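Residue numbers (UniProt numbering): 1 to 125.
Put into structure tokens, the structure is as follows:
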């Protein structure tokens, strides 16, 4: 009987892990579809997924190894790099396209990650 209980517990845990992965995958897709929105927030994602922000944040960090905001910033900056490499758009236009309302803040975050400003990054290509 104990063996059966352990198997049931294991099956429940596996199901929970699979559900967690599916929810996080849905969240990642939502982020990819909406990263350009400067108002994108944990609360917005949680309304979409019908879950609490605290629980989502815990699940997201456990599953991805990153906090939500770090993941969103990574997505936005990677998209900014693509635009810097493929377009001649001004920095403020790129900032807006990847979800930053303020060009100065975008440049600050970009330089913090890559060690150079977006303009210098583009000039180095």
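Heads up, the beta-carbon is just placed ideally off N, CA and C, and yes, glycines get one too.
As the structure is a computational prediction, the values presented were derived from the model and not from experiment.
Query, Result
"Measure the beta-carbon distance from residue 36 to residue 99 and round it to whole angstroms, keeping in mind my assumption that it falls under 8 Å.", "5 Å"
"With distance defined between alpha-carbon atoms, name the residue in 85, 34 and 96 nearest to residue 119.", "85"
"Roughly how many angstroms separate the alpha carbons of residue 103 and residue 72, rounded to a whole number?", "17 Å"
"Leaving out five residues before and five after residue 79 in sequence, what residues of the same chain have Cβ atoms less than 6 Å from its Cβ?", "98"
"Could you round the C-beta distance between residue 121 and residue 114 to whole angstroms and report it? I think they count as a contact, below 8 Å.", "6 Å"
"Our contact map puts residue 26 next to residue 49 with C-beta atoms below 8 Å; I'd like the distance itself, whole angstroms only.", "6 Å"
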